[in-house]
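A short write-up of the structure that comes next.
Residue numbers (the numbering used here), protein chains in the order written: chain F, 10 to 220; chain U, 4 to 470.
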């Protein structure tokens, strides 16, 4: 460490040590489970609908018989479809991008999330699923597959996912990019994706966490 | 020695313009009501507030250990950790990193800490171009104004204001006040900077000691873009933002957006634990007066703040005077109790920009005793002879109220209906220096007791859990 940095570090830590109040105990944190597991999918649907612009389509019930035709129908003008899932090729794979800014060419990005959160309608994405983090940030539209069995009750449960302790980047994404900064009126998008579509679809490995 | 900020005088300009004043008041009050509705949806809301307060008090009382733990974990993750004693040291570290990266453009997400450090002018003087990527913050940057609100920096501006500003700066249609159009103008103008900048910068809402991670909450996705697109990510964070564990982080994430906007969570709630392959991540831990505040027996609790702005949205003085009137980085009730720790004389009059109604304390998700601290700062200012005579008189009145438990109880249990109209009788009276530039409305002659007797039936019917 540079001598100036060492001095700054020691000065701050000494001041903190000298000034911090008498040690107070850490409380026990409950998980506050107020919903029965059977409700989680419907709560997730309601939560994600509150974050405007999000559509949940149910693959489980046969609403989306074929991913390719679903994407063509939903995004007829899309030219660049980046797929980060093995079961659908798209027009480009994340590994093709040399520089992460190149992901700005993506019209539609398709991914699989290892976890949904009923309380908030969030989906988890990390560098494992994304491979190139910017594909979910620079793409115009996002389509995310989620196994309904991988929906947890609340944020306390969500933060137990190993990604938060192991991965360099973990994103809880809840709806598309938005802003209420002008006149308090919420609009989509701001800087990120314009739409987020979650497809409830069993994971190929039958419900095992992919993280 | 600097002159003290005269919030009342500054508010005069804002108050003279009734369009902006009424609009801001309504907008922020609506936000406060959305916060109430969101809190009601969570049966354990009060338990979460208590937990959040206890976790923060535990962490701050063991801060040195947690800082060392964070440093060790982050370093092991490949993050380079820096320590900055003050604003200048912080700014110099950022500049040196940018110079080393040969970055002449910085894409930056909103950070109140970098406002506090006045980073932008520091870098601009050295030839760095900075693009603020939060929509509200960018509007304020283009208008050469500081943020007026810590969550919505340009919340005091109308769509007309923004349409005119963007037409001047970006050449967009000045007559098109459609918000989606204006957000699109910003997006189109910012995207090229994201793609070409060699460095990105974020603040952090939380720092997790257990994992060495920083956590950023935004709605726009601009922090994630700033951190992920360039090959250098610099994160500046105050040393008080630390939480012990991922488990404890969950408590704050549940409280933050609900308290701020009434949403259950922000659209992007992101954890950065380390750099990606081939990229660099630097975290600058900034003191800038925080360790000194930790030693202030009456005021260290303000370090628990998670910057949700609920106290600002509910404050009748803030809603009627706008954030810029405080002349300070942090504004509203939380600003009143934080700013004097930076510069006591300059901010000696801020503690008088309050009705001491206690609503700020009631909505605070980490249970900071904000209104009691405001009163405490008034006492400090009097002891230090920092205040004008009229304000001393106002303080004596407040002192009378606070020394009579029954009166005080009434004042701090003021409900929604009371608070909504409070400024009209409580703020604009002759003893309140803040309201001296306003005509005193008829209601001002009514005493608080008389008003309360008249309205108690109505307010008792309201279901306001936190009051």
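All residues carry an ideal CB built from backbone N, CA and C; glycine is no exception.
Quick caveat, the model's predicted, so the values are computed rather than measured.
8 Å Cβ cutoff met for residue i and residue j
| i | j | result |
| --- | --- | --- |
| residue 297 of chain U | residue 288 of chain U | no |
| residue 165 of chain U | residue 142 of chain U | yes |
| residue 347 of chain U | residue 376 of chain U | no |
| residue 258 of chain U | residue 52 of chain U | yes |
| residue 326 of chain U | residue 163 of chain U | no |
| residue 150 of chain F | residue 196 of chain F | no |
| residue 276 of chain U | residue 177 of chain F | yes |
| residue 155 of chain U | residue 200 of chain F | no |
| residue 322 of chain U | residue 32 of chain U | yes |
| residue 114 of chain U | residue 369 of chain U | no |
| residue 201 of chain U | residue 168 of chain U | no |
| residue 264 of chain U | residue 320 of chain U | no |
| residue 154 of chain F | residue 182 of chain F | no |
| residue 260 of chain U | residue 220 of chain U | yes |
| residue 199 of chain U | residue 126 of chain U | no |
Nearest candidate by alpha-carbon position, reference residue i, set the options
| i | options | result |
| --- | --- | --- |
| residue 58 of chain U | F:51, F:33, F:91 and F:68 | F:33 |
| residue 41 of chain F | F:128, F:146 and F:148 | F:128 |
| residue 80 of chain F | F:99, F:185, F:67 and F:95 | F:99 |
| residue 233 of chain U | U:273, U:216 and U:279 | U:279 |
| residue 122 of chain F | F:157, F:113 and F:200 | F:157 |
| residue 208 of chain F | F:67, F:84, F:101 and F:125 | F:67 |
| residue 84 of chain F | F:52, F:159 and F:148 | F:148 |
| residue 84 of chain U | U:115, U:369 and U:215 | U:215 |
| residue 210 of chain F | F:162, F:124, F:57 and F:195 | F:124 |
| residue 51 of chain F | F:65, F:78 and F:39 | F:65 |
| residue 283 of chain U | U:30, U:213, U:61 and U:78 | U:78 |
| residue 87 of chain F | F:26, F:29 and F:114 | F:114 |
| residue 379 of chain U | U:362, U:355 and U:309 | U:355 |
| residue 304 of chain U | F:29, F:187, F:154 and F:181 | F:29 |
| residue 365 of chain U | U:387, U:318 and U:324 | U:318 |
| residue 189 of chain F | U:12, U:178, U:222 and U:176 | U:222 |
| residue 226 of chain U | U:206, U:211 and U:212 | U:206 |
| residue 65 of chain U | F:26, F:56, F:82 and F:152 | F:26 |
Cα-Cα separation between residue i and residue j, rounded to whole angstroms
| i | j | result |
| --- | --- | --- |
| residue 218 of chain U | residue 381 of chain U | 35 Å |
| residue 14 of chain F | residue 31 of chain F | 28 Å |
| residue 87 of chain U | residue 10 of chain F | 14 Å |
| residue 150 of chain U | residue 23 of chain U | 16 Å |
| residue 164 of chain F | residue 136 of chain F | 20 Å |
| residue 161 of chain U | residue 191 of chain F | 7 Å |
| residue 54 of chain F | residue 130 of chain F | 7 Å |
| residue 49 of chain F | residue 8 of chain U | 52 Å |
| residue 122 of chain U | residue 344 of chain U | 20 Å |
| residue 94 of chain F | residue 185 of chain F | 20 Å |
| residue 230 of chain U | residue 384 of chain U | 42 Å |
| residue 190 of chain U | residue 157 of chain U | 16 Å |
| residue 238 of chain U | residue 36 of chain U | 33 Å |
| residue 58 of chain F | residue 162 of chain F | 16 Å |
| residue 20 of chain U | residue 6 of chain U | 26 Å |
| residue 138 of chain F | residue 120 of chain F | 7 Å |
| residue 129 of chain U | residue 120 of chain U | 15 Å |
| residue 262 of chain U | residue 171 of chain U | 35 Å |
| residue 117 of chain U | residue 91 of chain U | 11 Å |
| residue 16 of chain F | residue 173 of chain F | 32 Å |
| residue 12 of chain U | residue 328 of chain U | 8 Å |
Local Cβ density within 10 Å of residue i, reported as buried at 16 or more and exposed below that
| i | result |
| --- | --- |
| residue 174 of chain U | exposed |
| residue 105 of chain F | exposed |
| residue 44 of chain U | exposed |
| residue 175 of chain F | exposed |
| residue 37 of chain F | exposed |
| residue 198 of chain F | buried |
| residue 137 of chain U | buried |
| residue 63 of chain F | buried |
| residue 183 of chain U | exposed |
| residue 103 of chain F | buried |
| residue 330 of chain U | buried |
| residue 179 of chain F | buried |
| residue 442 of chain U | Because the pLDDT of residue 442 of chain U is 40, which lies under 50, any placement of that residue in the model is unreliable, and the question is left without a value. |
| residue 14 of chain U | buried |
| residue 78 of chain F | exposed |
Proximity test, residue i beta-carbon vs the ligand SAH heavy atom, cut-off 7 Å
| i | result |
| --- | --- |
| residue 269 of chain U | Looking at this structure, you won't find the ligand SAH or any other ligand, since it has none at all. |
Open item on the list: With a threshold of 8 Å, are at least 3 pairs of Cβ atoms found where one atom belongs to the region 327-337 of chain U and the other to the region 255-275 of chain U?
Closed with: The region 327-337 of chain U is not in contact with the region 255-275 of chain U.
Open item on the list: Pairs of beta-carbons, one from the region 273-291 of chain U and one from the region 241-258 of chain U, closer than 8 Å: are there three or more?
Closed with: Touching, yes.
TODO: Kindly confirm or deny that the region 107-121 of chain F and the region 143-155 of chain F touch, where touching means at least three C-beta pairs closer than 8 Å.
DONE: They touch, by the three-pair rule.
Open item on the list: Within 8 Å, do at least three Cβ pairs link the region 346-360 of chain U to the region 66-75 of chain U?
Closed with: Segments in contact, no.
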